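Novice: Questions regarding the structure given below will be posed in turn.
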Amino acid sequence: MHRSEFSLPEARVLYELGQGMAPTSTAVARNLDLDPGYLSRIIAKFARSDLVTKLASEVDRRQYQLKLTTRGRMKFARLDGDSQNQVAAMLANLGTDEQERLIGAMRAIEALLAPRSDRPSYLLRPHRSGDMGWIVARHGVLYASAHHWDASFEALVAEIVAEFIRNYDEERERCWIAEIDGEPVGCVFLVKGSDVVAKLRLLLVEPRARGLGIGRRLVEECVRFARQTGYKGVTLWTQSILTSARRIYKDAGFRLVGEEPHVSFGHALTGETWELNFD
872 MHRSEFSLPE ARVLYELGQG MAPTSTAVAR NLDLDPGYLS RIIAKFARSD LVTKLASEVD
932 RRQYQLKLTT RGRMKFARLD GDSQNQVAAM LANLGTDEQE RLIGAMRAIE ALLAPRSDRP
992 SYLLRPHRSG DMGWIVARHG VLYASAHHWD ASFEALVAEI VAEFIRNYDE ERERCWIAEI
1052 DGEPVGCVFL VKGSDVVAKL RLLLVEPRAR GLGIGRRLVE ECVRFARQTG YKGVTLWTQS
1112 ILTSARRIYK DAGFRLVGEE PHVSFGHALT GETWELNFD
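Quick note on our numbering: the sequence shown kicks off at 872 and runs consecutively.
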């Protein structure tokens, strides 16, 4: 573990004991999901190396509390420091945006693997003052970070949201904002393309909120509202490299009906038109 003399299970036990709580071996086995017999052998090895001492439990005389010795604390401090240095070295060459993407991906993994009851809840709400600035800024930052698109993309987003505000038809158009703990983490627009066809635009989900089904829910709300409002269908324009969004559109029933190469946002791209017709 970090080029030390400890195996991974040994390092995990050392870390658990290094938190200063003097746990019992039963508690350590439970917290780390270790076989009690295997843990007993690790503790015996630590005791022989003068890393751990056993103290009679004041609560249950059949149990012993485990505590690091002075030598054990020194070993733990070195291992903990080496671990932090190793992580720092891994992150050293990442810019702020890249670190944010990494943290967002880690949060998504944590959310996906957590029990359903532990997953963060989100809500959808209509847009309000300040949301349009957030939408423009986050599109600019995230697409520059993920795809290296230039400022012309951010300008396009600004034009789209400005047009939405200037010509907003509350009877036939909507913007939804997804929130977690009061912070915006996603958005989508449904705007009037014609009297019979609506356009889905600017679907976005923050990296830290991905994996929770927010993108799918936003698209579902667009489709539901379009049907309810009397549109005959919904169309959208996206790029072939946006694989996650394309998968959401396909699962929602959209069909790819057109492709066209173009040069935009500083790159050669393939634009795609998708349609969903209501029968």
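By construction, the Cβ of each residue, glycine as well, lies at the ideal position given by its N, Cα and C atoms.
Treat the numbers as computed from the prediction; the structure is a model and nothing was measured.
At which residues does the beta strand (DSSP E) containing residue 1056 begin and terminate?
Specialist: Position 185 of the sequence shown holds residue 1056. Its beta strand (DSSP E) spans residues 1054-1063.
Novice: If you follow the alpha helix (DSSP H) that residue 1045 is part of, which residue opens it and which one closes it?
Specialist: As a working mapping, residue 1045 is identified with position 174 in the sequence shown. Unbroken run through residue 1045 is the beta strand (DSSP E), 1045-1051; no alpha helix (DSSP H).
Novice: Could you check if residue 1130 is buried or exposed, using at least 16 other CB atoms within 10 Å of its CB as the buried criterion?
Specialist: Numbered from 1 along the sequence shown, position 259 holds the residue referred to as residue 1130. The residue in question, residue 1130, is exposed, as its Cβ has fewer than 16 Cβ neighbours within 10 Å.
Novice: Count the other CB atoms within 10 Å of the CB of residue 1139; is the residue buried (16 or more) or exposed (fewer)?
Specialist: Against the sequence shown, residue 1139 aligns to sequence position 268. By the neighbour-count rule (16 or more Cβ atoms within 10 Å), residue 1139 is not buried but exposed.
Novice: For residue 926, which beta-bridge partners are listed by DSSP?
Specialist: Along the sequence shown, one-based indexing puts residue 926 at 55. Its beta-bridge partners are 936.
Novice: At a cut-off of 7 Å, would you count residue 1086 as near the ligand FMN, judging by its Cβ distance to the nearest heavy atom?
Specialist: Only the bare structure without any ligand can be found here, which leaves the ligand FMN out of the picture.
Novice: When you compare each of 1091, 926, 1071 and 948 to residue 885 by their alpha carbons, which one comes out closest?
Specialist: As a working note, residue 885 is residue 14 in the sequence shown. Looking at the Cα atoms, 948 is the closest of the given residues.
Novice: Would you call the region 954-961 and the region 1040-1052 in contact, with 3 or more CB pairs under 8 Å?
Specialist: no
Novice: Decide if the region 1010-1029 is in contact with the region 1037-1044; the criterion is three or more beta carbon pairs, one per stretch, under 8 Å apart.
Specialist: no
Novice: Going by beta carbon distance, what residues of the same chain come within less than 8 Å of residue 1036, once the five residues before and after it are set aside?
Specialist: To locate residue 1036, count along the sequence shown from 1; it is residue 165. Shown here for residue 1036: same chain residues with a beta carbon closer than 8 Å to its own, the five before and five after excluded, namely 1003 in chain order.
Novice: Might you give, ordered along the chain, the residues of its own chain that have their beta carbon closer than 6 Å to the beta carbon of residue 1125, omitting 5 neighbours on each side?
Specialist: The residue given as residue 1125 occupies position 254 in the sequence shown. So the qualifying residues of the chain are 1145 and 1147.
Novice: Apply the 10 Å Cβ neighbour rule to residue 1133 and answer buried if 16 or more other Cβ atoms are within range, or exposed otherwise.
Specialist: Position 262 of the sequence shown holds residue 1133. Burial check for residue 1133: the Cβ neighbour count within 10 Å stays below 16, so the residue is exposed.
Novice: Checking the sheet assignment: what are the DSSP bridge partners for residue 1129?
Specialist: The count along the sequence shown starts at 1 and reaches residue 1129 at position 258. Answer by DSSP bridge pairing, in chain order: 1144.
Novice: Report yes if the C-beta distance between residue 903 and residue 993 is below 8 Å; otherwise report no.
Specialist: Translated into the one-based positions of the sequence shown, residue 903 becomes position 32. Translated into the one-based positions of the sequence shown, residue 993 becomes position 122. If you check the CB distance, residue 903 and residue 993 do not come in under 8 Å.
Novice: Helix, strand or coil for residue 1070, going by three-state DSSP, please let me know.
Specialist: The residue you call residue 1070 lines up with position 199 of the sequence shown. DSSP places residue 1070 in strand when its eight states are reduced to three.
Novice: Where are the beta strand (DSSP E) runs, 3 residues long or more, that stay fully inside the region 978-1003, in chain order?
Specialist: 994-997
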